[in-house]
Structure formats: C-alpha cells, structure tokens
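Colleague:
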DNA sequence: ATTATTTCTTGACTCACATCAACGTATTGA
DNA sequence: TCAATACGTTGATGTGAGTCAAGAAATAAT
C-alpha cells in the first residue's frame with residue numbers, strides 16, 4: 515500500500531530498501547470514506563497524511579459558518595494542519611475526504627524519529643516546506659491581484675484535474691468566491707469560448 | 515557587524531565559535547540607502563539577505579503599475595525572492611530599502627555550502643521555511659476572511675512596530691487595500707477609540 | 001423508482017471597497 | 001529657503017462580487 519508513498523519520496527531523495535523497511539514500522543495505512551473527517555477543529559493534529567488514493571481538503575469555518583478551503587490534496591500530496599502538528603496547539607482546521615481515500619499516516623513521534631534516523635527524510639521535508647512556501651506566496655499574490663474570472667482561469671490551467679473531481683462550490687470556496695459568483699463566471703466563459711464536443 | 519545575524523541563528527540552533535568563523539568567510543555585509551534596490555524584477559535573486567538594521571520590503575508591480583507588497587523585513591528578518599533564488603529563474607519581485615539599512619548577504623553557493631558543512635544551518639533553514647509557510651497560511655486565510663478594518667486591526671496587533679515605521683500607503687498595499695480605503699478605516703477607528711494622550 | 005439531499009443556476013438587490021479628482025501637509029534636496 | 005516630490009485626506013461616483021431567494025438538475029439513499 516505505501517508504494518505510492520515511497521515513489522513520491524524517491525522523486526526527491528534516495529531511499530534504500532533498508533529505509534523503506536524502517537518506514538514500514540512507523541507508518542500507518544488508513545482508509546477514509548467520502549465525507550469522513552481526518553481532523554476536526556478543536557483537536558490536535560497528531561499526524562501528517564500522505565494521500566495515496568482519493569482526495570482530501572482542509573478548510574476552516576468562519577463565524578457565518580462559511581467554509582473556506584485552504585488546500586486540496588489529491589493522490590501524491592500531503593495534508594495536515596502543520597501549525598497544530600508542530601506546536602501541539604488545538605487546530606481550527608477541518609480535514610476531510612472528498613472521495614473515498616487511502617492514506618499513509620505519520621504521527622508526530624514517528625515523524626520526528628524518522629527525520630532523525632533517515633537524514634534524507636529530513637531533507638525531503640525541508641524541500642517540501644520550502645516548495646510549499648514558494649507556491650503559497652504565488653497563490654497569495656494571485657488572490658490579491660486577480661479578478662474572479664482570472665483566478666478561475668488560472669486554477670483551470672494549474673490544476674485542471676482538481677476542477678474535474680471537486681464540486682464547484684468547493685472550487686469557489688478555495689478561490690475565495692461565492693458559488694453564485696463562480697457559476698456566473700463559468701457561464702460567461704462558456705459563452706466566450708464554447709466547449710468543443 | 516554580523517553579530518545580530520549570529521544572535522538570530524543562536525535562538526534556534528547551536529553555533530560554535532568555529533561555525534561563526536566559517537560563516538564570516540562566506541557572508542557579505544552590505545549597506546543599502548533608503549529607496550535603494552536589493553533586487554529588481556528581471557534579475558535573478560542571487561542571495562538571501564538578513565536585515566541587521568533598517569527595514570526592507572519585497573513587492574511586485576502589476577499591469578496598472580500598482581505596487582503589491584509581499585513582505586516587510588525589519589531587523590532580525592530575512593528577505594529574498596526564494597523562488598528565483600532556488601530555481602535561478604528571473605524574478606518578478608522587487609526588493610528595496612524603506613530606511614537606510616544594513617544587511618548580511620549569503621549568496622547561492624555560500625548558502626548551499628554552509629548548509630552542507632554546518633548541519634545546524636540546514637536545520638535552521640528547515641525551521642525558517644516551515645515557520646514561514648505556517649504564517650503565510652494564516653495570512654492567506656485572513657485576507658480571505660477579514661474586512662478592511664479587521665485586517666488593519668490584526669496587523670496593528672501583530673506588527674505594531676512595522677506600522678509605526680512604514681508609510682501608510684505601503685501598509686495599505688500589504689493589506690491589499692487602496693491608500694484611500696486605509697485612510698478612511700483609520701479615521702473611523704480613531705473616532706471610535708480616541709488616542710490616549 | 002421515488003424521495004431526499006446535494007449541487008448548480010438565475011434574477012433582483014446591496015454594499016464594501018475601488019476609482020477619480022482635488023487639495024492639504026510633510027519631507028527632501030539643490 | 002523654496003521647489004519638488006512624497007504622503008495623506010476627503011468627497012463624489014462606480015462596480016465587482018456578495019446576499020437573498022427560489023427553483024432546476026444532478027446524485028445519493030431506501
């Protein structure tokens with residue numbers, strides 16, 4: 515089951531068979547049904563999840579109980595509330611499955627231990643965080659700079675796959691729009707550049 | 515001059531005198547006058563800057579030639595275009611000094627080399643990136659969730675020092691507001707809760 | 001199969017913030 | 001010291017996206 519996970523690691527670092535054997539001792543494979551929570555606000559985020567199948571989302575719920583999606587994680591991605599994971603503070607994020615999914619979980623102790631005994635795993639996380647920071651910065655400037663339509667088009671180019679798989683109102687939430695606005699944006703776009711059949 | 519820099523590192527990792535001696539071989543101390551550029555868009559970001567005195571900003575300029583401030587870096591902070599620094603692609607960011615400033619520069623080669631020979635420096639950067647990612651995520655959700663007034667109040671609480679030192683229109687730009695809007699927000703706030711003398 | 005639930009669309013209306021424009025006040029610099 | 005430039009305020013007006021409400025389509029559940 516964790517093959518997909520090992521493949522992911524192998525893209526950035528060198529993993530020996532011995533390393534894999536160690537990993538297997540510490541990781542937990544878990545399935546999640548659609549709509550099932552991995553983390554609920556108020557809990558402490560005890561593990562990082564690698565998605566080997568399916569797709570999850572992290573989001574927070576504001577005072578008016580609107581959901582704000584922070585991140586989608588389809589297969590090959592990691593998801594967690596890093597803040598809570600690192601500080602052991604209560605999370606204000608929710609993470610749940612959008613489709614039936616399969617995960618590889620690494621809990622706090624395992625994560626720290628693995629980083630210690632497998633230096634390349636430490637390096638892997640270094641690269642992950644650095645990369646995540648860089649892309650989040652891009653996203654932030656886009657959110658500032660772009661109109662609703664431009665945001666949607668950009669997402670369409672960067673993650674066409676996610677747009678296919680995820681309900682439209684979640685896309686809207688991720689982009690910081692209302693479902694109504696996104697619906698109108700799409701209508702306008704379809705009028706401009708009709709679907710080829 | 516790089517004392518401030520060493521202090522900063524020492525807060526997260528252990529630095530021996532030998533380590534410091536190595537650092538001194540690789541770092542460059544540089545002064546920047548107010549309004550002077552450290553990086554201009556179209557260049558490749560060749561170094562990471564630690565601010566030991568003064569304050570810098572990174573920003574991008576959109577089609578309508580509005581400035582969008584990404585980050586302020588007062589003393590004790592790092593600034594660079596990490597994307598360009600890591601990938602060697604052309605930067606679309608500008609970095610300049612808001613006040614006369616003093617920097618410690620570490621260029622790409624030095625940075626990579628120092629990470630190799632001083633494992634704790636590697637660890638330090640790991641922590642930096644991780645922390646930067648976490649706080650950027652908070653900022654992103656704030657930008658989505660909060661009104662102009664709430665954004666300003668939040669900034670006032672988190673970085674009161676920066677608000678004191680930086681022209682108001684730059685605060686507006688950082689918050690994704692126009693100077694006019696910020697001016698009106700402040701007027702309203704002062705009316706509500708008058709300055710104590 | 002048909003009810004229930006979730007998701008998407010459309011229209012009418014509102015509003016927070018942007019834009020445009022003019023002017024007052026600091027700061028800076030030869 | 002007196003332009004010049006940078007910075008901040010205020011008012012009038014515009015607009016993109018939100019809100020509210022109602023119904024249509026699609027999906028899921030029994």
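Residue numbers (this note's numbering), protein chains in the order written: chain A, 515 to 711; chain B, 515 to 711. Beta carbons are placed, not taken as given, at the ideal position from N, Cα and C, and that holds for glycine.
Please look up how many angstroms separate the CB atoms of residue 562/B and residue 599/B, rounded, as I've assumed it's under 8 Å.
Modeller: Going by Cβ atoms, the distance from residue 562/B to residue 599/B rounds to 6 Å, so yes, they are a contact pair.
Colleague: Helix, strand or coil for residue 694/B, going by three-state DSSP, please let me know.
Modeller: In this structure, residue 694/B counts as helix in the three-state DSSP scheme.
Colleague: So, for residue 692/A: in the same chain, excluding its five sequence neighbours on each side, which residues have a beta-carbon less than 7 Å away from its beta-carbon?
Modeller: Excluding positions up to five away in sequence, the list reads 686.
Colleague: In the stretch 652-663 of chain B, which residues sit with their C-beta less than 9 Å from some C-beta in chain A, listed in chain order?
Modeller: Within the stretch 652-663 of chain B, the qualifying residues are 652, 653, 654, 655, 657, 658 and 659.
Colleague: In whole angstroms, what is the alpha-carbon distance linking residue 632/B and residue 579/A?
Modeller: Their Cα atoms are separated by approximately 48 Å.
Colleague: Whole angstroms is fine: what's the gap from residue 551/A's alpha carbon to residue 582/A's?
Modeller: Taking the straight line joining both Cα atoms gives about 16 Å.
Colleague: Closer than 8 Å is the cut-off here; do at least three beta carbon pairs connect the stretch 606-620 of chain A with the stretch 590-607 of chain B?
Modeller: Taking 8 Å as the limit for Cβ pairs, the verdict is that the stretch 590-607 of chain B does not touch the stretch 606-620 of chain A.
Colleague: I believe residue 630/A touches residue 558/A by the beta-carbon criterion, under 8 Å. Please report the beta-carbon distance rounded to the nearest angstrom.
Modeller: Going by Cβ atoms, the distance from residue 630/A to residue 558/A rounds to 22 Å, so no, they are not a contact pair.
Colleague: Excluding five sequence neighbours on each side, which residues of the same chain lie with their C-beta closer than 8 Å to the C-beta of residue 560/B?
Modeller: Contacts found: 599, 621 and 622.
Colleague: Spell out the partners DSSP gives residue 602/B in its beta bridges.
Modeller: The partner list for residue 602/B (beta bridge, DSSP) is empty, contrary to what the question assumes.
Colleague: What number of angstroms, rounded off, separates the C-alpha of residue 566/A from the C-alpha of residue 649/B?
Modeller: Distance between the alpha carbons of residue 566/A and residue 649/B is about 27 Å.
Colleague: Span of the alpha helix (DSSP H) holding residue 634/B?
Modeller: From DSSP, the alpha helix (DSSP H) with residue 634/B extends over 633-659.
Colleague: Can you pull the chain A residues whose beta carbon is under 8 Å from the beta carbon of residue 527/B, in chain order?
Modeller: By Cβ distance, chain A contributes nothing, its closest Cβ being about 14 Å from residue 527/B, past 8 Å.
Colleague: Residues of chain B with CB under 9 Å from residue 596/A, in chain order?
Modeller: Per Cβ cutoff of 9 Å: 644, 647, 648 and 651.
Colleague: Pick helix, strand or coil for residue 666/A, following the three-state DSSP scheme.
Modeller: Reduced to three states, the DSSP call for residue 666/A is helix.
Colleague: List the residues of chain B that residue 640/A touches, going by C-beta distances under 8 Å, in chain order.
Modeller: The contacting residues are 636, 639, 640 and 643.
Colleague: Any Cβ of chain A within less than 8 Å of the Cβ of residue 610/B?
Modeller: Judged by the 8 Å Cβ criterion, residue 610/B is not in contact with chain A.
Colleague: Can you give me the C-alpha to C-alpha distance between residue 651/B and residue 680/A, rounded to a whole angstrom?
Modeller: Straight-line Cα distance between these residues: approximately 22 Å.
Colleague: Please name the residue in 530/B, 617/B and 517/B whose C-alpha comes closest to that of residue 548/B.
Modeller: When only C-alpha atoms are compared, the closest one is 617/B.
Colleague: Please name the residue or residues paired with residue 562/B in a DSSP beta bridge.
Modeller: Paired residues: 620/B.
Colleague: At the 8 Å Cβ level, is residue 582/A part of the contact set with chain B, yes or no?
Modeller: Yes, contact with chain B.
Colleague: Which residues, taken in chain order from the stretch 666-696 of chain B, show a beta carbon closer than 9 Å to some beta carbon of chain A?
Modeller: Within the stretch 666-696 of chain B, the qualifying residues are 690.
Colleague: Against chain A, does residue 619/B count as a neighbour if the rule is that its beta carbon must be under 8 Å from one of theirs?
Modeller: Not closer than 8 Å to any Cβ of chain A, the Cβ of residue 619/B fails to qualify, so no.
Colleague: Compare the C-beta of residue 710/B with all C-beta atoms of chain A and state if any pair is closer than 8 Å.
Modeller: Note that residue 710/B scores 42 on pLDDT, short of 50, meaning its location in the model is unreliable; the coordinates nonetheless yield the value given after this. No - not a single Cβ of chain A is within 8 Å of the one on residue 710/B.
Colleague: Compute the beta-carbon to beta-carbon distance between residue 615/A and residue 541/A, rounded to the nearest angstrom, for a pair I have assumed lies under 8 Å.
Modeller: Actually they are not in contact, since the Cβ atoms of residue 615/A and residue 541/A sit about 16 Å apart, beyond 8 Å.
Colleague: Nearest to residue 689/B by CA position, among 704/B, 671/B and 584/B, is which residue?
Modeller: The residue with the shortest Cα to Cα distance from residue 689/B is 584/B.
Colleague: Give me the Cβ distance between residue 628/A and residue 537/A, rounded to the nearest whole Å; I'm assuming they're in contact under 8 Å.
Modeller: With a Cβ gap of about 7 Å, residue 628/A and residue 537/A count as contacting.
Colleague: With H, G and I counted as helix, E and B as strand and the rest as coil, what does DSSP make of residue 674/B?
Modeller: DSSP places residue 674/B in helix when its eight states are reduced to three.
Colleague: Does the distance from the C-beta atom of residue 634/B to that of residue 527/B stay below 8 Å?
Modeller: Result yes, Cβ atoms of residue 634/B and residue 527/B sit closer than 8 Å.
Colleague: Along chain B, in chain order, which residues have C-beta atoms closer than 9 Å to that of residue 600/A?
Modeller: Result: 644, 645 and 648.
Colleague: Can you tell me whether DSSP reads residue 585/B as helix, strand or coil?
Modeller: Three-state DSSP puts residue 585/B in a strand.
Colleague: Candidates 588/B, 643/B and 706/B: which alpha carbon is nearest residue 678/B's?
Modeller: Per the Cα distances, 588/B.
Colleague: Under a Cβ-count criterion, where at least 16 other Cβ atoms within 10 Å of its own Cβ denotes burial, should residue 572/B be classed as buried or exposed?
Modeller: Label assigned to residue 572/B: buried.
Colleague: Strictly below 9 Å CB to CB, what residues from chain B border residue 574/A?
Modeller: Chain B residues near residue 574/A: 655 and 659.
Colleague: Helix, strand or coil for residue 533/A, going by three-state DSSP, please let me know.
Modeller: In the structure shown, residue 533/A sits in a helix (DSSP, three-state: H, G or I).
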